[in-house]
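Inspection log for the structure reproduced underneath, given as structure tokens.
2 protein chains.
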Amino acid sequence: MTDLDRVIHEPARLLIVALLAGVKEADFLWLLRESGLTKGNLSSHLGKLEEAGYVEIEKTFRGKIPLTMARLTRPGSKAFKEYKQRMNGLLAKSGGS
Amino acid sequence: MTDLDRVIHEPARLLIVALLAGVKEADFLWLLRESGLTKGNLSSHLGKLEEAGYVEIEKTFRGKIPLTMARLTRPGSKAFKEYKQRMNGLLAKSGGS
DNA sequence: TAAACCAGTTTGTACCGCAAACCAGTATGC
DNA sequence: GCATACTGGTTTGCGGTACAAACTGGTTTA
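Chains F and Z are the protein sequences, given in the same order.
In terms of my numbering, the first sequence opens at residue 1 and continues consecutively.
In terms of my numbering, the second sequence opens at residue 98 and continues consecutively.
This is how it looks when you write it as structure tokens:
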């Protein structure tokens, strides 16, 4: 109907995806600071995005301390791109400005 | 955080608001056909939008048959405009195209 | 040894969108 | 003139989900 991808549409995830699209790779704490989300929400939203196949999560260690990296997958980039197109289409149809 | 107006953000309502922004006034059945929503959903989303003060609902009669007209209020137009700006900002920050 | 901390995950709840059931009134078939 | 179908909606029930708060497993500090 509007055909907006609900996984991406959710504001918190839209923000995460937009951030990732900019940098191509980011760790949990950077996303945490940049997004302003709580840890819990960031964690679960990343979980949803991973489940959807839109991001890859890689868990490593920085010394003794766990480190989680996230990056957009190819399908993720594609989905985001399509989302942007549809959204622009919607916003445009209401008459400019 | 993303500061997206949740009332407008919901796809069905975004569509309704975009449609109304284009025409300035519309009746229930036109919105029904144009949006592809079910009657139930259209009714309740219009209710939400009215409750938020974003649309005015006017109930009249066309002959013997009830007719509901909807139009965007001033605050509604303003909210939609701001929504568009924020959304464009979000989509832009990920690097163009 | 314990207390504080880091980097997250799991859990609980309250809300919300959706579809289906419902309703009042009007035209139509018998 | 009675019932059946249709218009133009509204209300209800249910399933999914976002958010915050509590929890966990390991690590440094006191």
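Note that the Cβ used here is the ideal one computed from N, Cα and C, for glycine as well.
Among the options, whose alpha-carbon lies nearest the alpha-carbon of residue i?
i: GLU131(Z); options: ALA109(Z), MET98(Z), ALA149(Z) and LEU146(Z); result: ALA109(Z)
i: VAL152(Z); options: LEU101(Z), ASP124(Z), LEU188(Z) and ASN185(Z); result: ASP124(Z)
i: LYS59(F); options: ASN88(F), LEU29(F) and LEU91(F); result: LEU29(F)
i: LEU134(Z); options: GLY76(F), ARG6(F) and MET1(F); result: MET1(F)
i: ARG103(Z); options: GLY173(Z), ALA189(Z), SER191(Z) and LYS190(Z); result: GLY173(Z)
i: LYS24(F); options: LYS93(F), ARG74(F) and GLY89(F); result: ARG74(F)
i: SER44(F); options: GLU10(F), GLY89(F), GLY63(F) and ILE65(F); result: GLU10(F)
Excluding five sequence neighbours on each side, which residues of the same chain lie with their C-beta closer than 8 Å to the C-beta of residue i?
i: SER194(Z); result: With a pLDDT of 49 at SER194(Z), under the threshold of 50, the modelled position of that residue is not reliable, and the figure given next carries that caveat. Excluding residues within five positions, none has a Cβ falling inside 8 Å.
i: PHE61(F); result: LEU67
i: LEU91(F); result: none
i: GLY53(F); result: THR73, PRO75 and GLY76
i: ILE154(Z); result: LEU143, GLU147, THR165, MET166 and ALA167
i: LYS93(F); result: none
At a CB-CB cut-off below 8 Å, which residues of chain F make contact with residue i?
i: MET87(Z); result: Given a span of 98 to 194 for chain Z in the structure shown, any question on residue 87(Z) remains unanswerable.
Leaving out the 5 sequence neighbours to the left and right, which residues in its chain are closer than 7 Å to residue i when beta-carbon positions are compared?
i: PHE80(F); result: ILE8, VAL17 and ALA21
i: LEU128(Z); result: ILE113, LEU116, LEU139 and ALA167
i: LYS136(Z); result: LEU129
i: ASP3(F); result: ARG86
Can you name the residues of chain Z whose CB is closer than 9 Å to the CB of residue i?
i: PRO11(F); result: MET98, THR99, ASP100, LEU101, ARG103, HIS106 and LEU187
Mind pulling the chain Z residues with CB within less than 8 Å of residue i?
i: LEU67(F); result: Neighbours of LEU67(F) on chain Z: none; closest Cβ ~24 Å, over 8 Å.
Residue i versus chain Z: which residues are under 7 Å apart at the beta carbon?
i: LYS84(F); result: LEU188
Excluding the 5 residues preceding and the 5 following residue i in the sequence, name in chain order all residues of the same chain whose CB lies nearer than 6 Å to its CB.
i: ASN185(Z); result: none
Looking at the ligand COA, does it come within less than 7 Å of residue i, judged from the CB to the closest heavy atom?
i: ASP3(F); result: Annotation note on the ligand COA: not contained in the displayed structure, which lists no ligands.
Using 8 Å as the Cβ pair cut-off and three pairs as the minimum, do the stretch 145-153 of chain Z and the stretch 7-27 of chain F touch? Counting Cβ pairs under 8 Å, fewer than three are found: no touch.
Could you check whether the stretch 153-166 of chain Z touches the stretch 180-194 of chain Z, counting it as contact only if at least three pairs of C-beta atoms, one from each stretch, sit closer than 8 Å? Touching, no, given that fewer than three Cβ pairs across the two stretches are closer than 8 Å.
Cβ-based contacts, 9 Å cut-off: residues of the stretch 133-161 of chain Z near chain F: Correct list: GLY133 and LEU134.
Residues of the stretch 17-33 of chain F in Cβ contact with chain Z at a cutoff of 7 Å, in chain order, please. Those residues of the stretch 17-33 of chain F that come within reach of chain Z (Cβ to Cβ, closer than 7 Å) are ALA18, ALA21 and GLY22.
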